[in-house]
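Read through the structure below, which is laid out as structure tokens, and then see the notes.
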Amino acid sequence: GQQLNQSPQSMFIQEGEDVSMNCTSSSIFNTWLWYKQDPGEGPVLLIALYKAGELTSNGRLTAQFGITRKDSFLNISASIPSDVGIYFCAGQLGNQFYFGTGTSLTVIP
Amino acid sequence: GAVVSQHPSRVICKSGTSVKIECRSLDFQATTMFWYRQFPKQSLMLMATSNEGSKATYEQGVEKDKFLINHASLTLSTLTVTSAHPEDSSFYICSASRTGYGYTFGSGTRLTVV
Numbered sequence: 001g002q003q004l005n006q007s008p009q010s011m012f013i014q015e016g017e018d019v020s021m022n023c024t025s026s027s028i029f030n031t032w033l034w035y036k037q038d039p040g041e042g043p044v045l046l047i048a049l050y051k052a053g054e055l056t057s058n059g060r061l062t063a064q065f066g067i068t069r070k071d072s073f074l075n076i077s078a079s080i081p082s083d084v085g086i087y088f089c090a091g092q093l094g095n096q097f098y099f100g101t102g103t104s105l106t107v108i109p
Numbered sequence: 110g111a112v113v114s115q116h117p118s119r120v121i122c123k124s125g126t127s128v129k130i131e132c133r134s135l136d137f138q139a140t141t142m143f144w145y146r147q148f149p150k151q152s153l154m155l156m157a158t159s160n161e162g163s164k165a166t167y168e169q170g171v172e173k174d175k176f177l178i179n180h181a182s183l184t185l186s187t188l189t190v191t192s193a194h195p196e197d198s199s200f201y202i203c204s205a206s207r208t209g210y211g212y213t214f215g216s217g218t219r220l221t222v223v
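Chains as they are written, first to last, in this note's numbering: chain A, 1 to 109; chain B, 110 to 223.
Laid out in structure tokens, this is it:
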């Protein structure tokens, strides 16, 4: 199936730094979602976006639904050690649901 | 909320045997569930869409006879890996959709075939 292009593939940052990652697609989506996956666990929903241009926050996380409906961004402010994990974007169109390639985040205390 | 329970969390089986993985929506009814496979450090790849009361829809390249999916009720879908081989070892994850809650994932099943 289709996969969305997510970048960067991995990040190593110092605790307290801000993080930005993005996801792009050649297809238009009606919904963009961001998930975090811890090792050996299923993905957990962080933020859901339903409208082009929408900017939504969840604590230190902020995500935006791109105007073109083909991209989305996730920002994490003031990172902490528990932010470590793999972050996936996902685009939804009708009953079709596609994941990004993932961004592995390592936070150095 | 929307809780999806997946069982077992880990299973080790001998080559040639079959393994069944269960996915349950605990507090809602799911007419559609999804099964994914994930290799280490890679993204989730959709294997099939499980439809209650009808046949599953498989993604291209996924063997229907090897990965049997049954969605007998609105709260339960099962994935059976038949005649498992070492190359079937992977992390399998199910998900279900509930209006207002998006897609909720199970905690995954680590399958090791020896």
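Backbone N, C-alpha and C fix where the C-beta goes; we use that ideal spot for every residue, glycine too.
These figures come from a predicted structure and were not determined experimentally.
| query | result |
| --- | --- |
| Closer than 8 Å is the cut-off here; do at least three beta carbon pairs connect the stretch 130–141 of chain B with the stretch 180–189 of chain B? | yes |
| Between the Cα of K175 of chain B and those of B:L155, B:E161, B:A193, spot the shortest distance and give me the residue it belongs to. | B:A193 |
| Mapping DSSP to helix, strand and coil, what is D174 of chain B? | coil |
| Under 6 Å Cβ to Cβ from L55 of chain A, same chain only, skipping five residues before and after it: list those, please. | Q64 |
| On a Cα-Cα basis, can you pick out the residue from A:I108, A:P43, A:Q6 that is closest to I80 of chain A? | A:I108 |
| Indicate the three-state DSSP secondary structure (helix, strand or coil) for E131 of chain B in the structure shown. | strand |
| Determine the chain B residues that contact T56 of chain A at a beta-carbon separation under 7 Å, and present them in chain order. | Neighbours of T56 of chain A on chain B: none; closest Cβ ~13 Å, over 7 Å. |
| Using only CA atoms, which one of A:S82, A:S77, A:Q92, A:Y98 lies nearest to M21 of chain A? | A:S77 |
| Count the CB pairs spanning the stretch 110–118 of chain B and the stretch 95–107 of chain A that are closer than 8 Å, and state whether there are at least three. | no |
| By DSSP, does S82 of chain A sit in helix, in strand, or in coil? | helix |
| The beta strand (DSSP E) with L49 of chain A in it runs from where to where? | 44–49 |
| Nearest to S206 of chain B by CA position, among B:F200, B:E161, B:V223, is which residue? | B:E161 |
| Label Y50 of chain A either buried or exposed according to how many other C-beta atoms from any shown protein chain fall within 10 Å of its C-beta, with 16 as the threshold for buried. | exposed |
| Return no unless some Cβ of chain A is closer than 8 Å to the Cβ of S152 of chain B. | yes |
| Under a three-way DSSP split, which group does D71 of chain A fall into? | strand |
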